[in-house]
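Colleague: First, the structure itself, so that you have it in front of you.
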């Protein structure tokens, strides 16, 4: 008797969803991926894949490609807005954790994983916005989309990010994303802007009295070879109001906000194009990550603010661990309970760390900023050692 392959419906075609599909393939599952957005190249800004995320990508055979198309970050250097050096963290990551930290365009990471998905013959459908899930006894689980189509399978995985539609099915009336009062700006600039300023292969983070500004290389190519990001107090405006501005208006706002900040921040702003505006959202701890044959992973389960640089990496961890647990062939409810029990403590610890880090990026008094700078200079080495647990995750030793 030939056993039928089990089929996973995956909602979300960003990073975690396609990675899950590839891992499930090796576990004997078929997958079908549905993404709400229309297919568009170049979506998103830059990000860093931490060593723990790189270990997962190595399982997919993509770690070396990320190093090739991205840029290894040899450390993170902190300064204040006048350019005074405060300290550094994350040195010698490859030697300490077995993989480096790599800066890369989000779109490049997504495209690399999707290329594997297409090569494997896994179907990906764009422009499919989930509106309803049916999980009835003795019937396949069904996902219904806003264009009137549907898909059926044996289980459904919600990898649809902070604005997850699947989350509402798993936790009816449960927590929803809320605005943290910070707004993010970012994008890409030519490598030469940083090279002319003598910037090395590091992530540079400037902490000001109001907000923060970061930059670093993300590709070996000249055009769009460096990335930048800027976190500000929203001042009562949400991200949609900023997105309604023209690119020149956005530049004027960012220039004014960072007036007097050290070089090369003014030059970066001058060369910025296609500026991306993002809400900085958070979400309260979910009561549960699964319900019936539906399970959440990544930001859908444990959305984290960007202040720990771990969003993509822990989502990749989720993709690998869920697939390995499903490989055991246990009842889905048992598998999902084990997955949540294993992953929730680590994810919530990272979410809490990101919240603490975000506290240094809001508005503060001049005296408060000075005290923060002194504390960073004194305590950063201790803080750095206390962050090692984030990066030590290695799927090959579990």
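Residue numbers (my numbering): 1 to 398. For each residue, glycine too, the CB sits at the ideal point set by N, CA and C. Because the structure is a prediction, the values reported are computed rather than measured.
(1) According to the Cβ coordinates, are residue 277 and residue 162 closer than 8 Å?
(2) For the alpha helix (DSSP H) that residue 7 lies in, which residues bound it at each end?
(3) Quickly, what does DSSP pair residue 142 with across the bridge? List them, please.
(4) Per DSSP, which residues does residue 228 bridge with? Please list them.
(5) Counting C-beta neighbours from all protein chains within 10 Å, is the total for residue 29 16 or more, i.e. buried, or is it exposed?
(6) Where does residue 32 fall in DSSP's three states?
(7) Using 8 Å as the cut-off, can you tell me whether the region 227–235 makes contact with the region 108–128, which would need three or more C-beta pairs spanning the two stretches below that distance?
(8) Using the three-state DSSP reduction, which class does residue 111 fall into: helix, strand or coil?
(9) How many Å lie between residue 9 and residue 218 at the Cα?
(10) Going by the beta-carbon positions, is the gap between residue 297 and residue 158 smaller than 8 Å?
(11) If you check the beta carbons only, do residue 292 and residue 135 fall under 8 Å apart?
(12) By the DSSP assignment, the alpha helix (DSSP H) with residue 68 in it spans what residues?
(13) By DSSP's criteria, residue 233 is part of a beta bridge. Which residues make up the other side?
(14) Give the range of the beta strand (DSSP E) segment to which residue 283 is assigned.
(15) Span of the beta strand (DSSP E) holding residue 197?
(16) Would the region 207–224 and the region 81–90 be scored as touching if the rule is three or more Cβ pairs under 8 Å?
(17) Can you look up residue 97 in the DSSP assignment and give me helix, strand or coil?
(18) Between 214, 60 and 284, which has its C-alpha nearest residue 171's C-alpha?
(19) Taking only the alpha-carbon atoms, compute the straight-line gap between residue 266 and residue 350 and give it to the nearest angstrom.
(20) On a CA-only basis, which of 318, 355, 25 and 363 is nearest residue 342? Give me that one, please.
(21) May I have the straight-line CA-CA distance separating residue 379 from residue 336, to the nearest angstrom?
(22) Mind checking residue 331: buried by the 16 CB within 10 Å criterion, or exposed?
(23) Looking at C-beta atoms only, is the number of pairs between the region 47–56 and the region 97–112 that lie closer than 8 Å three or more?
(24) So, do the region 300–307 and the region 248–262 have three or more beta carbon pairs nearer to each other than 8 Å?
(25) Return yes when the Cβ of residue 71 is within less than 8 Å of the Cβ of residue 89, no when it is not.
(26) Can residue 124 and residue 46 be called in contact, C-beta distance under 8 Å?
(27) Buried or exposed for residue 191, please, with buried defined as at least 16 other CB atoms from any protein chain shown within 10 angstroms of its CB.
(28) Just verifying my parser: in three-state terms, what is the DSSP assignment at residue 87?
(29) What residue range is occupied by the uninterrupted alpha helix (DSSP H) comprising residue 334?
(30) Kindly indicate the opening and closing residues of the alpha helix (DSSP H) around residue 170.
(31) For residue 48, count neighbouring C-beta atoms within 10 Å of its own C-beta (all shown protein chains included) and say buried if the count is 16 or more, exposed if not.
(32) From the DSSP output, which residues share a beta bridge with residue 48?
(33) Between 221, 228, 256 and 68, which lies nearest to residue 268 when the distance is taken from Cα to Cα?
(34) So which of 131, 177, 383 and 275 has the shortest CA-CA distance to residue 169?
(35) Run through DSSP, which three-state label would residue 385 get?
(36) What does the alpha-carbon distance come out to for the pair residue 364 and residue 340?
Modeller: Reading from the atomic positions:
(1) no
(2) No alpha helix (DSSP H) holds residue 7; the beta strand (DSSP E) holding it covers 6–11.
(3) 134 and 152
(4) In the DSSP assignment, the residues bridged to residue 228 are 187 and 215.
(5) Its Cβ being crowded by 16 or more others within 10 Å, residue 29 is buried.
(6) strand
(7) no
(8) helix
(9) Computed Cα separation, rounded: 33 Å.
(10) Judged by their CB atoms, residue 297 and residue 158 are nearer to each other than the 8 Å cut-off.
(11) yes
(12) 63–69
(13) 182
(14) First-last for residue 283: undefined, no H or E at that position.
(15) Per DSSP, residue 197 belongs to no beta strand (DSSP E) and is neither H nor E.
(16) yes
(17) helix
(18) If we check each option's Cα against that of residue 171, 284 comes out closest.
(19) 32 Å
(20) 318
(21) 39 Å
(22) Exposed, since its Cβ has fewer than 16 Cβ neighbours within 10 Å.
(23) yes
(24) Per the Cβ contact rule, the region 300–307 is not in contact with the region 248–262 (fewer than 3 Cβ pairs under 8 Å).
(25) Not in contact: residue 89 and residue 71 (Cβ atoms no closer than 8 Å).
(26) Contact: no.
(27) By the neighbour-count rule (16 or more Cβ atoms within 10 Å), residue 191 is buried.
(28) strand
(29) 332–358
(30) 166–170
(31) buried
(32) 103
(33) Looking from the CA of residue 268, the closest CA among 221, 228, 256 and 68 belongs to 228.
(34) 131
(35) helix
(36) 38 Å
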